[in-house]
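Heads up: the sequence lines are chains A and B, in that order. In case it helps, numbering that gives the first Met the number 0 puts the first sequence at residues 0 to 192. In case it helps, numbering that gives the first Met the number 0 puts the second sequence at residues 0 to 192. We put the beta carbon where it would ideally sit given N, CA and C, even for glycine. Owing to the predicted nature of the structure, the values given are computational and were not obtained by experimental measurement.
Protein chains: 2
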Amino acid sequence: MTSGRTADDELRERLVEAADDLFYARGIQAVGMDAVREAAGVSLKKIYALVGSKDELVVAVLRRRARALQEALEASADRAGDARAKVLSVFDFLDAWFCEPGFRGCGFINAFGELGSTTPAVADAVRRQKAAFREFVTELVVAAGGTPQAAVQIALLAEGAQTTAAISGDPHVAREAGAAAATLLDAATPATV
Amino acid sequence: MTSGRTADDELRERLVEAADDLFYARGIQAVGMDAVREAAGVSLKKIYALVGSKDELVVAVLRRRARALQEALEASADRAGDARAKVLSVFDFLDAWFCEPGFRGCGFINAFGELGSTTPAVADAVRRQKAAFREFVTELVVAAGGTPQAAVQIALLAEGAQTTAAISGDPHVAREAGAAAATLLDAATPATV
DNA sequence: TACGGTAGAGAACGATCGTTCTCAGCGCAA
DNA sequence: TTGCGCTGAGAACGATCGTTCTCTACCGTA
Numbered sequence: 000m001t002s003g004r005t006a007d008d009e010l011r012e013r014l015v016e017a018a019d020d021l022f023y024a025r026g027i028q029a030v031g032m033d034a035v036r037e038a039a040g041v042s043l044k045k046i047y048a049l050v051g052s053k054d055e056l057v058v059a060v061l062r063r064r065a066r067a068l069q070e071a072l073e074a075s076a077d078r079a080g081d082a083r084a085k086v087l088s089v090f091d092f093l094d095a096w097f098c099e100p101g102f103r104g105c106g107f108i109n110a111f112g113e114l115g116s117t118t119p120a121v122a123d124a125v126r127r128q129k130a131a132f133r134e135f136v137t138e139l140v141v142a143a144g145g146t147p148q149a150a151v152q153i154a155l156l157a158e159g160a161q162t163t164a165a166i167s168g169d170p171h172v173a174r175e176a177g178a179a180a181a182t183l184l185d186a187a188t189p190a191t192v
Numbered sequence: 000m001t002s003g004r005t006a007d008d009e010l011r012e013r014l015v016e017a018a019d020d021l022f023y024a025r026g027i028q029a030v031g032m033d034a035v036r037e038a039a040g041v042s043l044k045k046i047y048a049l050v051g052s053k054d055e056l057v058v059a060v061l062r063r064r065a066r067a068l069q070e071a072l073e074a075s076a077d078r079a080g081d082a083r084a085k086v087l088s089v090f091d092f093l094d095a096w097f098c099e100p101g102f103r104g105c106g107f108i109n110a111f112g113e114l115g116s117t118t119p120a121v122a123d124a125v126r127r128q129k130a131a132f133r134e135f136v137t138e139l140v141v142a143a144g145g146t147p148q149a150a151v152q153i154a155l156l157a158e159g160a161q162t163t164a165a166i167s168g169d170p171h172v173a174r175e176a177g178a179a180a181a182t183l184l185d186a187a188t189p190a191t192v
């Protein structure tokens, strides 16, 4: 029941997950490879055999986090009722996420701020995730009868909510952002009465 | 014509400005004290006499940046016409800032993402600046007849615009954010016709 | 004019880091 | 059963870092 997964695949998954936890909690450069080795229970020799370098580990972490986020957002949208509710489900998801212990803002924004100008592969991975998020929001907004411009604005609210929640420690900014998103969506959607 | 400024004050100003440029361009941990020494033209001995430690230098940089931002926002608001225009002047300011060469997002968000969980003094300095910004926006919005809730939402747009512009490289997100802010402000302000 | 004290330059110290190298153990084949 | 080759653990290497220490030079006072 391994469906093509080798022992190395499982080691890599354990490694990337352990690194993700540490990088997200403390910042990437504050975490040495020895700490990753200890948290993952994988030797340095094996780590470098699996990922090649610390930079490649960071990129693998960002990719894993991007997939998890996309899946969670899609699951949240799937649970929502009509098209308008699907748009606002983004903020329901953020609301739940911000209240989680260990929440420390957007891992992509943090990584970009720390390494974005010195590590092109990190900058690229972050740009891709943000482009995917914007596209996801645009699809939802357009499906709800809104405009691409409204989608951009709603995505900006979601981005602003993430850094504000992390810095202020107020997890309820997602609700404020959601309320603003509802206002913008309704303003951009012709009434259908 | 020194108005109480000593040679040390001027050295400190030069030091903090040089450090600010380097930290903002590359990330704080990517810049060693030797690079700061070279850029500022101040010896290490003198640097440690002036600021005490690298962490204190970082905090001094954040405080300097906070003052500069507050002054620029206030100057932009002063130049605006009526109360509503003053609210939107925030986005005019952001629009101009995002187009500057060397723009790399919000220095506070970057610093928080990198050091916020390991250096309490950095986290505190960032929280104070964001609280001051929110208060500034609230004053403008309330003066324009809007609600504190609208102010929170407008501040979220400004925050979202900063990270989005940095990551996407699109400097015009400030205009989109401004348009959204106008919509939210108008929706929160009773019509006075 | 000379001596003593203080301030400051930058080399050096001790620590940490990313990555590699050495050695040992295990597995497979003859 | 033995020998060889390959994989992997973690110590070590070389580099970088924040901070301190040593030495020199300058200034002030007697």
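9 Å is my cut-off, CB to CB: does residue i come that close to chain B?
i: A:GLN148; result: yes
i: A:LYS129; result: yes
i: A:LEU156; result: yes
i: A:GLY144; result: no
i: A:ARG46; result: Strictly speaking, residue 46 of chain A in this sequence is Ile, with Arg absent from that position. Cβ-Cβ to chain B under 9 Å: no for A:ILE46.
i: A:SER167; result: yes
i: A:GLY80; result: no
i: A:VAL192; result: Caution is warranted here: a pLDDT of 46 is assigned to A:VAL192, below 50, making its placement in the model unreliable, and the coordinate value is therefore given only provisionally. No, its Cβ sits nowhere closer than 9 Å to a Cβ of chain B.
i: A:ALA178; result: yes
i: A:VAL172; result: yes
i: A:VAL197; result: Any question about residue 197 of chain A goes unanswered here, given that chain A covers just 0 to 192.
i: A:GLY159; result: yes
i: A:ALA95; result: no
i: A:ALA186; result: yes
If you follow the alpha helix (DSSP H) that residue i is in, where does it begin and where does it stop?
i: B:GLN28; result: It is not in any alpha helix (DSSP H) - B:GLN28 carries neither H nor E in the DSSP assignment.
i: B:GLY112; result: 106-114
i: A:VAL50; result: 43-50
i: B:ASP169; result: From DSSP, B:ASP169 is part of no alpha helix (DSSP H); its letter is neither H nor E.
i: B:GLU55; result: 53-78
i: A:ALA142; result: 119-142
i: A:ARG83; result: 82-97
Any Cβ of chain A within less than 9 Å of the Cβ of residue i?
i: B:ALA108; result: One detail in the question is off: residue 108 of chain B reads as Ile in this sequence, not Ala. Chain A contact via Cβ: present.
i: B:CYS207; result: Nothing about residue 207 of chain B can be read from this structure; chain B reaches only from 0 to 192.
i: B:GLU175; result: yes
i: B:GLY40; result: no
i: B:THR182; result: yes
i: B:THR163; result: yes
i: B:MET0; result: Any reading at B:MET0 must be qualified, since the residue scores a pLDDT of 39, below 50, and its modelled position is unreliable; the value itself is stated next. False, the Cβ-Cβ gap to chain A never drops below 9 Å.
i: B:VAL151; result: yes
i: B:ALA6; result: no
Would the C-beta of residue i count as close to the ligand FMN, meaning under 8 Å from any of its heavy atoms?
i: A:ASP94; result: In terms of ligand content, the structure shown is empty, and the ligand FMN therefore cannot be addressed.
Handout entry: Interface positions of the region 20-35 of chain A facing chain B (Cβ-Cβ less than 7 Å), listed along the chain
Key = Those residues of the region 20-35 of chain A that come within reach of chain B (Cβ to Cβ, closer than 7 Å) are ALA24, ARG25, GLY26, GLN28, ALA29.
Problem - Inter-stretch contact at 8 Å, needing at least 3 Cβ pairs: the region 115-124 of chain B / the region 119-128 of chain A - result: No, the region 115-124 of chain B is not in contact with the region 119-128 of chain A.
Exercise for the section: Say whether the region 54-71 of chain B touches the region 159-166 of chain B, bearing in mind that this needs 3 or more beta-carbon pairs closer than 8 Å, one atom from each stretch. Expected result: no
Practice task
Closer than 7 Å, Cβ to Cβ, to anything on chain B: give me those residues from the region 111-126 of chain A, in chain order.
Solution key: PHE111, GLY112, GLU113, LEU114, SER116, THR117, VAL125, ARG126
Practice task
Compile a chain-ordered list of the residues in the region 61-73 of chain A whose CB is closer than 9 Å to at least one CB of chain B.
Solution key: none
Exercise for the section: Report yes or no: do three or more beta-carbon pairs, one from the region 79-90 of chain A and one from the region 134-151 of chain A, lie closer than 8 Å? Expected result: A contact between stretches requires three or more CB pairs, one per stretch, nearer than 8 Å, and the region 79-90 of chain A meets this requirement with the region 134-151 of chain A.
Handout entry: Three or more C-beta pairs below 8 Å linking the region 177-188 of chain A and the region 16-27 of chain B
Key = no
Handout entry: contact_flag[the region 69-82 of chain B, the region 43-60 of chain B] where n(CB pairs < 8 Å) is 3 or more
Key = Output reads no: the region 43-60 of chain B does not touch the region 69-82 of chain B.
Handout entry: the region 88-103 of chain B in contact with the region 163-172 of chain B per 3-pair CB rule at 8 Å
Key = yes
Handout entry: Cβ contact (3+ pairs, closer than 8 Å) linking the region 7-16 of chain B and the region 43-52 of chain B
Key = yes
Practice task
Report yes or no: do three or more beta-carbon pairs, one from the region 104-116 of chain A and one from the region 177-186 of chain A, lie closer than 8 Å?
Solution key: no
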